[in-house]
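Peer 1: For what it's worth, full-length UniProt numbering labels the leading residue of the sequence shown as 1, then goes sequentially.
We put the beta carbon where it would ideally sit given N, CA and C, even for glycine.
Quantities reported herein were computed from a predicted structural model and do not represent experimental measurements.
My questions all concern the structure below.
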Amino acid sequence: MSRENNKIQEYISSVCSLIKNKDVHYDISLELKDHIETLIEEYIHGGLSEDVAIEKAICHMGDPKITGKQLDKTHKAKVSWGVITPLIAISVFGFITMYFIQSNGSILQGSYTRILQKNIIFYALGIAFAIGLYFFDYRKLLPYSKLIYVISILALILQLFAGVFVNGRPYFSLGFLTIDFVPICSVLLLISLSGMFKDWNWKNPYKFLLALGIILVPELLILFTKSARVYVYILGCTTLMIISRAKIHEVVSYIGIHLICFWILISSEPYGVNSFSIFLDPSRDPNGAGWQYIQLKNLLSLSGILGNSQNIQPKTIPELHTNFIFTYIIYTFGWIAAFALILVIITLVLKMIKVAKVTKNSYGRLLLSGLISLIATEFILNIAMNLGFTPILGLGLPFISFGGSQMIMNMIIIGLILSVYKRKDIVHNNFGTSNCSKTV
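Here's what the structure looks like:
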């Protein structure tokens, strides 16, 4: 029987040797072995001896060279051009916008000079990470989920207690470089939670409370940094709970906790009540907290269908190249261009969702769900903020706004999406097996 087993291994090894995409070797080996064993059982039940049944089953599978070439063609590594194409369109639009902002002098100079050149550098670094992650097997992240979680927590604590404060927010400083760990940790936390919640037993009440604690600890740390990314994180965690099959009442409980806390915060703190009332009616404080809302409204009212030929002056509104870049797009290029950009953004998000839907691996599906919700939330909140539907938040427009951390982390997300798509037909989480015969 050992000799015959060797024949099966040799057949599978011959097939795999012709398949260039080594990531699929393990799944193919299991599939071939299962098919061969099924044929062997049928032949034995038909009255053949085991030795003859094995020989006939292998013969029935066909020439290993032909089978290998066919499987190589079927499992050739693919690139999701459906994601890349709208991403390129959005990025090019972002470069054009940065060029106009820089050349027209629409922002105050100083640390924000040469924003186009700097953004190109950030984008190039992001592309390098994305390409690297495309070739990286995302499944290798799964065993390190808890470690990634702990590192993220420590980074947030470090920023909170050892950081320098800029405009009321803590940043980690290396002297020559100031880093905001929150955008980085938001992505890392969703990556870690995707692995931790992969086989989570939501039916167990204790497990639900444990999951709640795991989610809320970093959430509170992000909240203490006064970053609007806490909303992005909350929606990302909600998505992970739903996709990992948490019970409806558990998801509702998680959302309910935040609604109650939000109401208490707004109603009990005079500052919170005042801020929300000014958002609803900026004229209550036109020279103070309501000034930015009024400026945004004025810029939008001056925007035409094809844009406004007059340049925005540097002191018109702060953070024009980051938080309010969508307002600049509407004002400069017009409502038609802004609407076209929104359509391309919707296309990008839908294509990313499609990648998640066609992914057979449960971990890959969960990972993409959290990361896609993060990018989608950033798009929605930034556009809604610029149109006056939400209070002013410190969130840029993905792939367009100026900013190194956000640009690089969003490109890392794209890299992970492409990595998952490349391996979308792989069901198992075994990796690193380059020779099929080793798994038989």
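Please name the residue in S401, I372, V344, F379 whose C-alpha comes closest to that of S194.
Peer 2: The residue given as residue 194 occupies position 194 in the sequence shown. Checked all of S401, I372, V344, F379; the closest Cα to S194 is I372.
Peer 1: In three-state DSSP terms, what is R365?
Peer 2: On the sequence shown, residue 365 is found 365 positions in, with the first residue counted as 1. Residue state, collapsed to three classes: helix.
Peer 1: Counting pairs of Cβ atoms below 8 Å between the segment 318-328 and the segment 63-74, do you hit three or more?
Peer 2: Under the three-pair Cβ rule at 8 Å, the segment 318-328 does not count as touching the segment 63-74.
Peer 1: Please report the straight-line C-alpha distance between V355 and G404, rounded to a whole angstrom.
Peer 2: To locate residue 355, count along the sequence shown from 1; it is residue 355. To locate residue 404, count along the sequence shown from 1; it is residue 404. Near 26 Å, if we compare the C-alpha coordinates of G404 and V355.
Peer 1: When burial is assigned at 16 or more other CB atoms within 10 Å of the CB, is F379 buried or exposed?
Peer 2: Walking along the sequence shown from the start, residue 379 turns up at place 379. That one is buried.
Peer 1: Looking at C-beta atoms only, is the number of pairs between the segment 331-343 and the segment 299-308 that lie closer than 8 Å three or more?
Peer 2: Per the Cβ contact rule, the segment 331-343 is in contact with the segment 299-308 (3 or more Cβ pairs under 8 Å).
Peer 1: Quick check on this structure: which residue in G388, L348, D425, K22 has the alpha carbon closest to the alpha carbon of I413?
Peer 2: The count along the sequence shown starts at 1 and reaches residue 413 at position 413. If we check each option's Cα against that of I413, L348 comes out closest.
Peer 1: What's the C-alpha gap between I96 and Y123?
Peer 2: As a working mapping, residue 96 is identified with position 96 in the sequence shown. As a working mapping, residue 123 is identified with position 123 in the sequence shown. CA-CA distance, I96 to Y123, rounds to 14 Å.
Peer 1: How far does the alpha helix (DSSP H) with Y134 in it reach, from first residue to last?
Peer 2: The residue given as residue 134 occupies position 134 in the sequence shown. Per DSSP, Y134 belongs to the alpha helix (DSSP H) from 115-135.
Peer 1: To the nearest angstrom, how far is it from the Cα of V15 to the Cα of I28?
Peer 2: Position 15 of the sequence shown, counted from the first residue, corresponds to residue 15. Position 28 of the sequence shown, counted from the first residue, corresponds to residue 28. Each residue's alpha carbon lies about 9 Å from the other.
Peer 1: Given that a residue counts as buried once 16 or more other Cβ atoms are within 10 Å of its Cβ, and exposed if not, what is P218?
Peer 2: Start at 1 with the first residue of the sequence shown, and residue 218 comes out as number 218. P218 is buried by the Cβ-count criterion.
Peer 1: Can you give, in chain order, each stretch of the beta strand (DSSP E) that sits fully within the segment 164-219 and has at least 3 residues?
Peer 2: 164-166, 169-173
Peer 1: If you pair each beta-carbon of the segment 240-259 with each one of the segment 278-289, do three or more pairs fall below 8 Å?
Peer 2: no
Peer 1: If I measure Cβ to Cβ from F224 and keep anything under 7 Å in the same chain, skipping five residues before and after, which residues do I get?
Peer 2: Within the sequence shown, residue 224 is the residue found at index 224, counting from 1. Only L160 meet the Cβ criterion.
Peer 1: Below 8 Å on the Cβ atoms is my contact criterion, and I expect F181 with G415 to pass it. Report the Cβ-Cβ distance as a whole number of Å.
Peer 2: Position 181 of the sequence shown, counted from the start, is the residue given in the question as residue 181. Position 415 of the sequence shown, counted from the start, is the residue given in the question as residue 415. With 8 Å as the limit, F181 and G415 do not qualify as a contact, their Cβ atoms being about 20 Å apart.
Peer 1: Less than 7 Å between the C-beta atoms of A156 and L212, yes or no?
Peer 2: Within the sequence shown, the letter at position 156 stands for residue 156. Within the sequence shown, the letter at position 212 stands for residue 212. The question names Ala, yet the displayed sequence has Leu at residue 156. Not in contact: L156 and L212 (Cβ atoms no closer than 7 Å).
Peer 1: For S111, does the count of other Cβ atoms within 10 angstroms reach 16, so buried, or fall short, so exposed?
Peer 2: By 1-based counting over the sequence shown, the position of residue 111 is 111. At S111, the pLDDT of 49 sits below 50, so the modelled position is not reliable and the matter cannot be decided from this model.
Peer 1: What is the residue span of the alpha helix (DSSP H) that M61 lies within?
Peer 2: Position 61 of the sequence shown, counted from the first residue, corresponds to residue 61. Unbroken run through M61: none, as it is neither H nor E.
Peer 1: At which residues does the alpha helix (DSSP H) containing T239 begin and terminate?
Peer 2: Along the sequence shown, read from residue 1 onward, the residue named residue 239 stands at position 239. Element bounds for T239: 229-243.
Peer 1: Tell me which residues share the same chain as F197 and place their Cβ nearer than 6 Å to its Cβ, disregarding the 5 neighbours each side in the sequence.
Peer 2: Within the sequence shown, the letter at position 197 stands for residue 197. Only L240, S244 meet the Cβ criterion.
Peer 1: Measuring CB to CB, does L368 end up less than 7 Å from V420?
Peer 2: Your numbering for residue 368 matches position 368 in the sequence shown. Your numbering for residue 420 matches position 420 in the sequence shown. Closer than 7 Å, so yes.
Peer 1: According to DSSP, is S401 helix, strand or coil?
Peer 2: For the purposes of this step, residue 401 is taken as the residue at position 401 of the sequence shown. DSSP places S401 in coil when its eight states are reduced to three.
Peer 1: Just mark E37 as buried or exposed, buried being the case when its beta carbon has 16 or more other beta carbons within 10 Å.
Peer 2: Taking the first residue of the sequence shown as position 1, residue 37 is located at position 37. With fewer than 16 Cβ atoms within 10 Å of its Cβ, E37 is classed as exposed.
Peer 1: In whole angstroms, what is the alpha-carbon distance linking I153 and L39?
Peer 2: For the purposes of this step, residue 153 is taken as the residue at position 153 of the sequence shown. For the purposes of this step, residue 39 is taken as the residue at position 39 of the sequence shown. For I153 and L39, the distance between alpha carbons rounds to 53 Å.
Peer 1: According to the neighbour-count rule (16 or more other Cβ atoms, all chains shown, within 10 Å of its Cβ), is P86 buried or exposed?
Peer 2: Here residue 86 refers to the residue found at position 86 of the sequence shown. Classification for P86: buried.
Peer 1: Would you kindly work out how many angstroms separate the C-alpha atoms of F172 and T178, rounded to a whole number?
Peer 2: Within the sequence shown, numbered from 1, the residue matching residue 172 stands at position 172. Within the sequence shown, numbered from 1, the residue matching residue 178 stands at position 178. Near 6 Å, if we compare the C-alpha coordinates of T178 and F172.
Peer 1: Where does the unbroken alpha helix (DSSP H) through N298 begin, and where does it stop?
Peer 2: Against the sequence shown, residue 298 aligns to sequence position 298. Counting along the chain, the alpha helix (DSSP H) containing N298 begins and ends at 291-302.
Peer 1: Leaving out five residues on either side along the sequence, give the residues of the same chain with a beta carbon under 7 Å from the beta carbon of A89.
Peer 2: Counting from 1 along the sequence shown, the entry for residue 89 is found at position 89. Close CB contacts of A89 within its chain, under the 7 Å cut and outside five residues either way in sequence, are with V344 (chain order).
Peer 1: Which runs of the alpha helix (DSSP H) fall wholly inside the segment 372-425 and span at least 4 residues, in chain order?
Peer 2: If you keep only unbroken alpha helix (DSSP H) runs of at least 4 residues inside the segment 372-425, you get 404-422.
Peer 1: Just to confirm the assignment, what range does the alpha helix (DSSP H) spanning Q102 have?
Peer 2: Against the sequence shown, residue 102 aligns to sequence position 102. 81-103 is the extent of the alpha helix (DSSP H) around Q102.
Peer 1: Is the separation between the beta-carbon of N119 and that of F402 shorter than 7 Å?
Peer 2: One-based indexing of the sequence shown puts residue 119 at position 119. One-based indexing of the sequence shown puts residue 402 at position 402. Closer than 7 Å, so yes.
Peer 1: Quick check on DSSP: helix, strand or coil for S111?
Peer 2: Indexing the sequence shown from 1 puts residue 111 at position 111. Unreliable placement is indicated for S111, whose pLDDT of 49 sits below 50; no coordinate value is reported for it.
Peer 1: D27 lies in the alpha helix (DSSP H); which residues open and close that run?
Peer 2: Here residue 27 is taken as the residue at index 27 of the sequence shown, counted from 1. Note, D27: alpha helix (DSSP H), 25-45.
Peer 1: Assign K422 to one of two classes, buried (16 or more other C-beta atoms within 10 Å of its C-beta) or exposed (fewer than that).
Peer 2: Sequence index remark: in the sequence shown, residue 422 carries index 422 (1-based). Answer is buried; the Cβ neighbour count reaches 16.
Peer 1: What does the alpha-carbon distance come out to for the pair F93 and M352?
Peer 2: Residue 93 sits at position 93 when you count from the first residue of the sequence shown. Residue 352 sits at position 352 when you count from the first residue of the sequence shown. So the alpha carbons of these two residues sit roughly 20 Å apart.
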